[in-house]
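Trainee: Pasting a structure here, questions to come.
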Amino acid sequence: MATVIDVLQDRQYVMPSAADTSAVTTHGAWTWSDWVELEASMNADSVLTGILAWTNMAGTANLNTPIDVQIGVGTAGNETEISTFRTHHARGVNDPSAQGDVFIPSVVGIDALSSGDRVSYRMQWGSTVDPVTLRGKATYIEKPLTGALFTTTDPMQCLPFGTTNYTLTTGTTSYVFTSWDEIRAASGPSMYITYAVVHQITNLTLMEIEFGIGSASSETTIYRWVDIGGIKGNQSGAGRPFYNPIYVPANARLAWRIRCNANAARTATLSINYVESITNP
Amino acid sequence: MSRYTAGPTLLTPTAAAQVQLDVTGISFATWGDWTEYIASTANPTTLLGISAHTNGGGGVSAEIAFGLGAAGNEVEIGKFAYHIISGGNGGPQTYTLQVPISGIEAGQRLCLRQRQDTGTGVFVVLHYAEDFDSDYCLDYDVSPMNCLPLASVGTSLTPSSTAWANSSWVELTSGLSDAIGIASFMLGGYLAAANDTEYEFDIGTGAASSETVIWTQPGVNLDGVTRREPPVDALSSLRYVPSNTRIAVRLRKQGTSTTAWTFKMNYYGPIHLQATGTMFPFWGDHTHIGGGMMPFMG
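Heads up: the protein sequence lines correspond to chains A and B, in order. The opening position of the first sequence corresponds to residue 41 in our numbering, with each subsequent residue numbered one higher. The opening position of the second sequence corresponds to residue 2 in our numbering, with each subsequent residue numbered one higher.
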């Protein structure tokens, strides 16, 4: 039984608002774009609640690449990162519009924006197609909060960061799990996983994904979910927010594994967003 | 207890083909039959969400309902609007409940059903947990999940012909008898003229012509023809709206197209606000636990 939860009574704002997304231009694979301003000066101390990231480039090639989106504060040339989100771009031949995630809710609000802050963002991605225009916005709620919001003063982080996703390939028998693949070794602070993107490239493949903790060969499953591949392939970038973030204890080894419905090898890649603490868990 | 979870979470079916919800003769006017997912819950059960696809069929605007009860006597315990993207186009196809649905005791038969606009088959995997270790959830018989408008693809929104100019406000409800917590939005329909269009919509409360914006949500409609637009735009936490409060929506976007968009909203209610210093939790009149079920609205 659960009958008491927190609820927001505050307005969410967008930056920039009532205007096209701010555009950044890539500088090659896993090289940061320049910082581009989202807001010249915040009106009040605020909590970052999400990002929007996408591109409308022509679909002349199959592009499947993670994108790191970094939010920063500071004057031009002096930006300091306050959070990094990872999303995924997937676009197929003759499908210029197909891609995965666009808006990513932060789930845990990032309590790191101060009144007067200049807010900017930059992106990097894994494709060698260059230059490409990527586009972004961000959402926030001004403080003081009237209602209650799940927040942290730590940055949003992602794994992996600045490199290709974790990758697993199933065997050729349906519903047989792969071996566990390590995401984090058994060291480090606690983690609260808020978002995961699984990308797979085969039509309608029903992929079960598990997170597990524990030493190698002794992993215990803590979370299982499903991703379904797009029929044309290459377009799935199915992100899943975890509104009840997945807790990984400090110094716990974190791993993942997959199985699918096909009697054929199927490949999936994974990335996660997480924070290391929650102010009001 | 806390909002986060250390698991484990479960799926049904698992290691097996997805279950197709009954689609015979359905429309928004006619629900499909209930499809059994769990014959008898082994432990207290909490619903976390679904993954769905149309097996290569087109996109679907649907309402997905959960039910409990013996065959032929199922009672709806909650429902939500969901945009199932065309099977050809991938993208997010999992709807994670912003607040899990709890209060399902052991020994319950759990079913799903749908109503929708196209009659296309929908295949669903249910995400759930037993003895869920988080108390960030709401009992079905206290604050059930619902959507509005009911039984349609949504409220029609006609955009301005000027880029990024607001549409008129369109009323979603003149006021619900209970206070609610807004969970997510579903913006869609067949938006043939609006591919790759960035948009924002405002949720406002108050009398006509005196609306106050309480939430602004950005997004991108990637391709309305085949429904690649996001199935939902979700809030990180529920947004409280008092009872008997008029709720309206308006849209602004890139471009000059005035092709109408559609809009639906998922919410939980009734909720009751309790002021406890800086925290504003809510609770319901928990008049019933387990056994039978209270009839569901809508």
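All C-beta atoms, glycine included, are put in the ideal place defined by N, C-alpha and C.
Enumerate in chain order the residues of its own chain whose CB-to-CB distance from Ala107 of chain B is below 7 Å, with the five nearest sequence positions on each side excluded.
Mentor: Closer than 7 Å at Cβ, skipping near neighbours: Thr42, Ala43, Asn44, Pro45.
Trainee: For Ala69 of chain A versus Thr168 of chain A, is the C-beta spacing smaller than 9 Å?
Mentor: Cβ atoms of Ala69 of chain A and Thr168 of chain A: closer than 9 Å.
Trainee: In this structure, how does DSSP classify Asn134 of chain A when only helix, strand and coil are distinguished?
Mentor: Legend: pLDDT at Asn134 of chain A = 40, less than 50; position of this residue unreliable, no value from coordinates given.
Trainee: Does any residue of chain B have a CB that is nearer than 9 Å to the CB of Thr261 of chain A?
Mentor: Yes, because at least one Cβ of chain B sits closer than 9 Å to the Cβ of Thr261 of chain A.
Trainee: Alpha carbons only, please: which of A:Lys183, A:Ile122, A:Ala236 is nearest the one belonging to Asp50 of chain A?
Mentor: Closest option to Asp50 of chain A, Cα to Cα, is A:Lys183.
Trainee: Looking at the structure shown, is Asn35 of chain A part of a helix, part of a strand, or coil, going by DSSP?
Mentor: Any answer about residue 35 of chain A is impossible in this case: the structure gives chain A only from 41 up to 321.
Trainee: Name the one or two DSSP bridge partners that Val221 of chain B has.
Mentor: Note: Val221 of chain B sits in a beta bridge opposite B:Glu199.
Trainee: Of the residues that make up the region 45-60 of chain B, which ones have a beta carbon closer than 7 Å to any beta carbon in chain A?
Mentor: Cβ contacts with chain A come from Ser52, His54, Asn56, Gly57.
Trainee: I need the straight-line Cα distance from Thr217 of chain B to Tyr269 of chain B, nearest angstrom please.
Mentor: Those two C-alpha atoms are separated by around 19 Å.
Trainee: Taking Cβ positions only, does Ser322 of chain A come closer than 9 Å to chain B?
Mentor: Given that chain A is displayed from residue 41 to residue 321, the structure contains no residue 322 of chain A and the question cannot be resolved.
Trainee: Determine whether the Cβ of Arg251 of chain B lies closer than 9 Å to any Cβ atom of chain A.
Mentor: Not closer than 9 Å to any Cβ of chain A, the Cβ of Arg251 of chain B fails to qualify, so no.
Trainee: Looking only at its own chain, which residues have a Cβ that is under 6 Å from the Cβ of Ala152 of chain A, when we skip the five neighbours before and after it?
Mentor: Contacts found: Ile122.
Trainee: At which residues does the beta strand (DSSP E) containing Pro150 of chain B begin and terminate?
Mentor: It is not in any beta strand (DSSP E) - Pro150 of chain B carries neither H nor E in the DSSP assignment.
Trainee: Any contact of the region 110-129 of chain B with the region 141-148 of chain B, i.e. 3+ C-beta pairs under 8 Å?
Mentor: With a cut-off of 8 Å, the region 141-148 of chain B and the region 110-129 of chain B do not count as touching, because too few Cβ pairs lie within range.
Trainee: Take the Cβ of Pro160 of chain B as the centre, count every other Cβ of all protein chains shown within 10 Å, and call the residue buried at 16 or more, exposed below.
Mentor: It counts as buried.
Trainee: According to DSSP, simplified to helix, strand and coil, what is Ala18 of chain B?
Mentor: Coil, per DSSP.
Trainee: Could you give the residue range of the beta strand (DSSP E) that holds Ala323 of chain A?
Mentor: With chain A covering 41 to 321 only, the question about residue 323 of chain A has no answer from this structure.
Trainee: Looking at C-beta atoms only, is the number of pairs between the region 74-91 of chain A and the region 53-64 of chain A that lie closer than 8 Å three or more?
Mentor: Taking 8 Å as the limit for Cβ pairs, the verdict is that the region 53-64 of chain A does touch the region 74-91 of chain A.
Trainee: Where Ile253 of chain A and Phe29 of chain B are concerned, what is the direct C-alpha to C-alpha distance, given to the nearest angstrom?
Mentor: Rounded to whole angstroms, Ile253 of chain A to Phe29 of chain B spans 44 Å at the Cα level.
Trainee: Below 9 Å between beta carbons: does that hold for Ala180 of chain B and Tyr241 of chain B?
Mentor: Cβ distance < 9 Å, so Ala180 of chain B and Tyr241 of chain B count as in contact.
Trainee: With a cut-off of 9 Å, does the C-beta of Pro160 of chain B fall near any C-beta of chain A?
Mentor: Not one chain A Cβ lies under 9 Å of Pro160 of chain B.
Trainee: Could you tell me whether the Cβ atoms of Arg293 of chain A and Ala225 of chain A are closer together than 9 Å?
Mentor: Going by C-beta atoms, Arg293 of chain A is nearer than 9 Å to Ala225 of chain A.
Trainee: I need the DSSP call for Lys183 of chain A, collapsed to helix, strand or coil.
Mentor: In the structure shown, Lys183 of chain A sits in coil (DSSP, three-state: anything other than H, G, I, E or B).
Trainee: Leu92 of chain A and Gly220 of chain B - do their beta-carbons sit closer together than 9 Å?
Mentor: Their beta carbons are under 9 Å apart, which means Gly220 of chain B touches Leu92 of chain A by this criterion.
Trainee: For chain A, check one thing: does any of its Cβ atoms lie closer than 9 Å to the Cβ of Tyr179 of chain B?
Mentor: Here the sequence assigns Asp to residue 179 of chain B, which means Tyr is not the residue at that position. So, not an interface residue.
Trainee: Can you say whether Ser237 of chain B is buried or exposed, counting buried as having 16 or more other CB atoms within 10 angstroms of its CB?
Mentor: By the 10 Å Cβ count, Ser237 of chain B comes out buried.
Trainee: So if I threshold CB-CB distances at 7 Å, which residues from the region 123-136 of chain B count as touching chain A?
Mentor: Result list: Val126, His128, Ser135, Asp136.
Trainee: Considering only residues of the same chain and omitting the five flanking positions on each side of Phe282 of chain A, which have a CB-CB separation below 7 Å?
Mentor: Correct list, in chain order: Val147, Ile233, Thr234, Tyr235.
Trainee: Hey, is Ser258 of chain B's beta-carbon within less than 9 Å of any beta-carbon in chain A?
Mentor: Output row for Ser258 of chain B: interface = no.
Trainee: Using C-beta distances below 6 Å, list every residue in its chain close to Ser137 of chain A, excluding the 5 sequence neighbours before and after it, in chain order.
Mentor: Since pLDDT at Ser137 of chain A reaches only 46, below the 50 mark, its modelled position is unreliable, and the value read off the structure follows with that caveat. Nothing listed; no residue qualifies.
Trainee: So, is Val216 of chain A buried or exposed, given that buried needs 16 or more other C-beta atoms within 10 angstroms?
Mentor: Its Cβ having fewer than 16 others within 10 Å, Val216 of chain A is exposed.
Trainee: Spatial neighbours of Leu185 of chain A within its chain, please: CB distance less than 6 Å, with the 5 preceding and 5 following residues excluded, ordered by chain position.
Mentor: Closer than 6 Å at the Cβ level, and outside the excluded window around Leu185 of chain A, lie Asp50.
Trainee: CB-CB under 6 Å to Val159 of chain A, same chain, minus the five flanking residues each way: which ones, in chain order?
Mentor: Closer than 6 Å at the Cβ level, and outside the excluded window around Val159 of chain A, lie Leu78, Glu79, Val113.
Trainee: To the nearest angstrom, how far is it from the Cα of Gly225 of chain B to the Cα of Gly189 of chain B?
Mentor: Residue confidence is low: Gly225 of chain B scores 49 on pLDDT, short of 50, so the model does not pin down where it sits. No coordinate-derived value is stated.
Trainee: Of the residues that make up the region 203-222 of chain B, which ones have a beta carbon closer than 8 Å to any beta carbon in chain A?
Mentor: Against chain A - using a Cβ distance shorter than 8 Å - the residues of the region 203-222 of chain B are Val214, Ile215, Trp216, Thr217, Gln218, Pro219, Gly220, Val221.
Trainee: Using the beta-carbon count (16 or more within 10 Å), is Gly73 of chain B buried or exposed?
Mentor: Under this definition Gly73 of chain B is an exposed residue.
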